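Trainee: For what it's worth, UniProt numbering labels the leading residue of the sequence shown as 4, then goes sequentially. Below are the structure tokens for one structure; questions will follow.
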Amino acid sequence: AVTSNKKHFLTIGSWSQKEIKHVLAKAHELKAMQKSGIIQQDLKGKILGMIFEKSSTRTRVSFEAGMLQLGGDAIHLKSDDLQLGRGESIEDTAKVLSQYVDVLMIRTYGHEIIERFAASADIPVINGLTDEHHPTQVMADLLTIEEYKGDLSNVKVAYIGDGNNMAHSFIEAAAKVGMELAIATPPGYEPNKTIMQEVLQEAKQTGATITITNDPTQAVVDADVIVTDVWASMGQEEQQQERLQTFAAFQVNETLCSFAKSDYIFMHCLPAHREEEVTTSIIDGPHSVVFEEAQNRLHIQKAILHYVLNYK
Ligand code: CP
Ligand code: NVA
């Protein structure tokens, strides 16, 4: 299984505007086909390998089901089951797995780990979440926003909470598609400055406005979409208690949402902690689209797999 010109998907920023739009369009098409019962198995014979160093429900099942629906197969690997867990190098693991499977998805900690995998792999590598980025999730989010709100360049997204992997992928996405993005985090939890710097020029070109504030109300004013995420991400479990205090004023609740447009939608990548980052009334209320968003993981994974596997 050797692809010469491999197309990785490690960050949203690494793909061109054209590629992002192409994959979104493909996902809409694949979703419509599935809804009308059309079976298209053009990844028949292809195998996806998935390495998980952290837990997963949506990413694992949507990738696996997506691959099966397209006629391919998927192998789920926990890093502890691999020799990787006993110290075999990332480079050797990447080279060996490239002999068996056609595409690799990895969920890990530091982003440099997936970059090392990609550098040594002879096959496309897809980022299934690192501490710094969650590109496949934000692609599913763009798909969802398009469905509910249409043209992404006319949409204001308010991201409330931690300046984490989700925030970073949203920043890169906003710059690509010309979206208005207002991020509100507690002081000290702002997104990575380098990522902000890197998107400045592209944001100017696409007409995106990306603002960072410590005031959640200011971010939410006139928003079409309100997004939040857990206050303590995977790997930050020991900070859970401290973060409960720090983030208390950043809860997405009825009061905060009253500043958004009256037809705003609420999104959350899930898993969620009800009554922490979001109240039950909002996440289970009429504005919430979190389960459609979760469903869209499936359609976008299929479009991503399609694109990287057919890339020449
Ligand atoms: N949203 C998301 O990535 O969920 P999982 O951790 O369940 O994959
Ligand atoms: N920011 C969260 C997202 C989970 C899908 C985490 O990294 O744990």
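All C-beta atoms, glycine included, are put in the ideal place defined by N, C-alpha and C. These numbers come from a predicted model, not from an experiment.
1. Going straight from the alpha carbon of Phe253 to that of Ala222, what length do you get?
2. From Gly48, Ala170, His302, pick the residue whose C-alpha is nearest to that of Ile229; which is it?
3. Is Thr140 near the ligand CP, going by C-beta to nearest heavy atom under 6 Å?
4. At a threshold of 6 Å, does Leu273 count as lining the ligand CP (C-beta to nearest heavy atom)?
5. Which residue wins for smallest C-alpha separation from Asp227, given the options Ser82, Lys47, Glu149, Gly131?
6. Would you decide whether Glu257 is buried or exposed? Buried here means 16 or more other CB atoms lie within 10 Å of its CB.
7. So is residue 1 buried or exposed if we call it buried at 16+ other beta carbons inside 10 Å?
8. For His11 and Val233, what's the separation of their Cα atoms in angstroms?
9. Under 8 Å Cβ to Cβ from Gln248, same chain only, skipping five residues before and after it: list those, please.
10. Let me confirm a value: Pro127 is counted as buried when at least 16 other C-beta atoms fall within 10 Å, else exposed. Which label applies?
11. On a CA-only basis, which of Tyr112, Asp134, Leu107 is nearest Ala121? Give me that one, please.
12. Using only the heavy atoms of the ligand CP, determine whether one of them is closer than 6 Å to the beta carbon of Ser59.
13. So which of Leu27, Glu91, Glu240 has the shortest CA-CA distance to Val141?
14. For the 8 Å Cβ check, are there 3 or more pairs between the stretch 110-117 and the stretch 266-286?
15. For Ala143, tell me which candidate among Gly191, Gln204, Arg246, Phe66 has the shortest Cα-Cα distance.
16. According to DSSP, simplified to helix, strand and coil, what is Lys81?
17. So, is Lys207 buried or exposed, given that buried needs 16 or more other C-beta atoms within 10 angstroms?
18. Within 10 angstroms of the Cβ of Lys305, are there 16 or more other Cβ atoms? Answer buried if so, exposed if not.
Mentor: Reading off the structure:
1. The sequence position of residue 253 within the sequence shown is 250, counting from 1. The sequence position of residue 222 within the sequence shown is 219, counting from 1. Whole-angstrom Cα-Cα distance: 11 Å.
2. Translated into positions along the sequence shown, residue 229 becomes position 226. Comparing Cα-Cα distances from Ile229 to each of Gly48, Ala170, His302, the minimum goes to Ala170.
3. Within the sequence shown, the letter at position 137 stands for residue 140. Looking at the sequence itself, residue 140 is Gln, so the reference to Thr does not match. For the ligand CP, at least one heavy atom lies less than 6 Å from the Cβ of Gln140.
4. Stepping through the sequence shown from its first residue, residue 273 is reached at position 270. Indeed, a heavy atom of the ligand CP lies less than 6 Å from the Cβ.
5. Looking up residue 227 in the sequence shown gives position 224. Among Ser82, Lys47, Glu149, Gly131, the Cα nearest to that of Asp227 is on Glu149.
6. Counting from one through the sequence shown, the residue named residue 257 turns up at place 254. Answer is exposed; the Cβ neighbour count stays below 16.
7. Any answer about residue 1 is impossible in this case: the structure gives the chain only from 4 up to 315.
8. Position 8 of the sequence shown, counted from the first residue, corresponds to residue 11. Position 230 of the sequence shown, counted from the first residue, corresponds to residue 233. Each residue's alpha carbon lies about 27 Å from the other.
9. Position 245 of the sequence shown, counted from the start, is the residue given in the question as residue 248. There are no such residues.
10. As a position in the sequence shown, residue 127 is number 124, starting the count at 1. By the neighbour-count rule (16 or more Cβ atoms within 10 Å), Pro127 is buried.
11. Counting from one through the sequence shown, the residue named residue 121 turns up at place 118. Answer by Cα proximity: Leu107.
12. The residue labelled residue 59 in the question sits at position 56 within the sequence shown. Yes, since a heavy atom of the ligand CP falls inside the 6 Å radius drawn around the Cβ of Ser59.
13. Taking the sequence shown and counting its residues from 1, the one referred to as residue 141 is at position 138. Checking every option, the nearest Cα to that of Val141 belongs to Leu27.
14. no
15. As a working mapping, residue 143 is identified with position 140 in the sequence shown. Here the closest residue by C-alpha is Phe66.
16. Locating residue 81 in the sequence shown gives position 78, counting from the first residue. Looking at Lys81 - three-state DSSP - the assignment turns out to be strand.
17. The sequence position of residue 207 within the sequence shown is 204, counting from 1. Exposed, because fewer than 16 other Cβ atoms sit within 10 Å of the Cβ of Lys207.
18. On the sequence shown, residue 305 is found 302 positions in, with the first residue counted as 1. Buried.
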